[in-house]
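Undergrad:
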Amino acid sequence: MNLTGCHNGFFPINIRDIKVTHQVQGPSASWDLMKRISPAIPTLVRVRKHMERQIHTLRHGSFNTDPAKTKDIERLEGVYRTSEIHVQQDGRRARAKADHVEDVVSLGAAHLFSRKTMQRWWEHRNFARSRL
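Going by the UniProt record's numbering, the letters in the sequence shown line up with residues 1 to 132, in that order.
(1) Pop quiz: Ile-55 and Val-79 are said to be a contact at Cβ under 8 Å. What is the actual Cβ separation, rounded to whole angstroms?
(2) Checking 8 Å against the spacing of the C-beta atoms, do Ala-94 and His-100 come in under that value?
(3) Would Val-47 and Leu-33 be called neighbours here (beta carbons separated by less than 8 Å)?
(4) Do His-124 and Thr-117 have their CB atoms nearer than 8 Å?
(5) So, helix, strand or coil for Pro-27, using DSSP?
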């Protein structure tokens, strides 16, 4: 397929990826949407293959065999354990401003009661009901 018009602008495309893997479905499916998604399909395929190589869990890939679910889960757990991304380390500081994460649960709970959100909610729902 050549979307650029240049003599060296051709790139291979797998019809299976367009028709099956990344197909457009639902009420918003249209040729225009398909036209917008198609150029991204090779990138999506490369990202998927990269993730499979990094994590080594879903070795099912394009082979016609059943994946070993328990073995895949054990391998994924091993990757998490060795990377220690879930372990809290005291004294660690975020370097960039983008790395700072707000405690949205505490902020949300404080917002509910400090701005009288719950009180307003109750006042608008606590009224006399008519009897049939």
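For every residue, glycine included, the Cβ atom is placed at its ideal position computed from N, Cα and C.
TA: This is what the structure holds:
(1) As a first step, residue 55 is located in the sequence shown; it is residue number 55 there, counting from the start. As a first step, residue 79 is located in the sequence shown; it is residue number 79 there, counting from the start. Going by Cβ atoms, the distance from Ile-55 to Val-79 rounds to 6 Å, so yes, they are a contact pair.
(2) In the sequence shown, counting from the first residue as 1, residue 94 sits at position 94. In the sequence shown, counting from the first residue as 1, residue 100 sits at position 100. The answer is yes: Cβ separation under 8 Å.
(3) Residue numbering aside, residue 47 sits at position 47 when the sequence shown is read from its first letter. Residue numbering aside, residue 33 sits at position 33 when the sequence shown is read from its first letter. Their beta carbons are not under 8 Å apart, which means Val-47 does not touch Leu-33 by this criterion.
(4) Here the question's residue 124 lines up with position 124 in the sequence shown. Here the question's residue 117 lines up with position 117 in the sequence shown. No, they are not a contact pair.
(5) Mapped onto the sequence shown, residue 27 falls at position 27. Three-state DSSP puts Pro-27 in coil, outside helix and strand.
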